[in-house]
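Asks: First the structure, which I've put down as structure tokens, then a few questions once you've had a look.
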Amino acid sequence: MTTWSQFTEEAPSIAAVFQRRHQATGKLCMLATLRADGSPRISPIEPMVFEDMLVLAGMPNTRKFDDLARDPRFCLHTATVDTRVSDGDAKLFGTVTDLQDETVHARFAQKLFDDSGFDIRGERFDHFYVADLTGASTVEVDDDHLDITVWKPGAGETVVRKH
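Per UniProt numbering, residue 1 is the first one in the sequence shown, and the count goes up by one each step.
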């Protein structure tokens, strides 16, 4: 499994764009999953880096988590409102594992409460999805060209420039 620190070491520019856009949107991202019939679903989510894991947690009994339980593949995209993509955007690809460790859940709930005041301490998690990143990319516009940076585990970043 690719940890968050491994990702940031291997793909520092992609990680920087993701973190910048994630913060700029109030931590909102768009999560792509696959429905039972194979068609795509796009859902809002607020992923969180916690203890070197990218956690995809949220409200229980939602269809996006049913999708991930059935097929763990996902794409996470930083929310973009600028059609010129002047601040860049990032996509993370991977699969999830449902981490069923109640001590981790308790620490996560405490951190969430400490950071936001949102109190789910003591509640049971239906799912606690941890991302295993299998790829990532960014798009950045610079003057007269577009830079697309791509990452695969162990391969570092590759930049493709389009004019």
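Beta carbons are placed, not taken as given, at the ideal position from N, Cα and C, and that holds for glycine.
Are three or more beta carbon pairs between the segment 79-86 and the segment 110-126 nearer than 8 angstroms?
Replies: These segments do not touch.
Asks: What residues are listed by DSSP as bridge partners for D67?
Replies: Answer is none; D67 lacks a bridge partner.
Asks: Can you tell which of E10, S137 and L56 has its C-alpha closest to the C-alpha of H105?
Replies: Among E10, S137 and L56, the Cα nearest to that of H105 is on L56.
Asks: How far does the beta strand (DSSP E) with E123 in it extend, from its first residue to its last?
Replies: Segment: none, E123 is in no beta strand (DSSP E) and carries neither H nor E.
Asks: To the nearest angstrom, how far is the alpha carbon of S86 from that of R21?
Replies: Their Cα atoms are separated by approximately 11 angstroms.
Asks: Taking only three categories from DSSP, how would you classify E46?
Replies: Of the three classes helix, strand and coil, the one that applies to E46 here is coil, per DSSP.
Asks: Using a 10 Å radius around the Cβ and a threshold of 16 neighbouring Cβ atoms, would you call M59 buried or exposed?
Replies: So M59 ends up on the exposed side.
Asks: Determine the direct distance from the alpha carbon of M1 to that of T149, and round the result to whole angstroms.
Replies: For T149 and M1, the distance between alpha carbons rounds to 22 angstroms.
Asks: Checking the sheet assignment: what are the DSSP bridge partners for E151?
Replies: Going by the sequence as given, residue 151 is Trp instead of Glu. Its beta-bridge partners are A136 and E157.
Asks: Please state whether DSSP places V85 in a helix, a strand or coil.
Replies: Residue state, collapsed to three classes: coil.
Asks: Bridge partners of K27, per DSSP?
Replies: Answer is none; K27 lacks a bridge partner.
Asks: Under three-state DSSP, which class holds L99?
Replies: Looking at L99 - three-state DSSP - the assignment turns out to be coil, as it is neither helix nor strand.
Asks: P72: which of A131, G156 and R161 sits nearest, CA to CA?
Replies: When each option's Cα is compared against that of P72, the closest is A131.
Asks: Going by DSSP, which residues form a beta bridge with P40?
Replies: DSSP lists L34 as partners of P40.
Asks: Under three-state DSSP, which class holds A131?
Replies: Looking at A131 - three-state DSSP - the assignment turns out to be strand.
Asks: Got a sec? Which residues, its chain only, sit under 8 angstroms from residue 186 by beta carbon, not counting five neighbours each side?
Replies: There is simply no residue 186 to check, as the chain begins at 1 and stops at 163 in what is shown.
Asks: Can you name, in chain order, every residue of its own chain whose Cβ lies under 8 angstroms from the Cβ of V49, other than the five neighbours on each side?
Replies: Around V49: W4 and V55.
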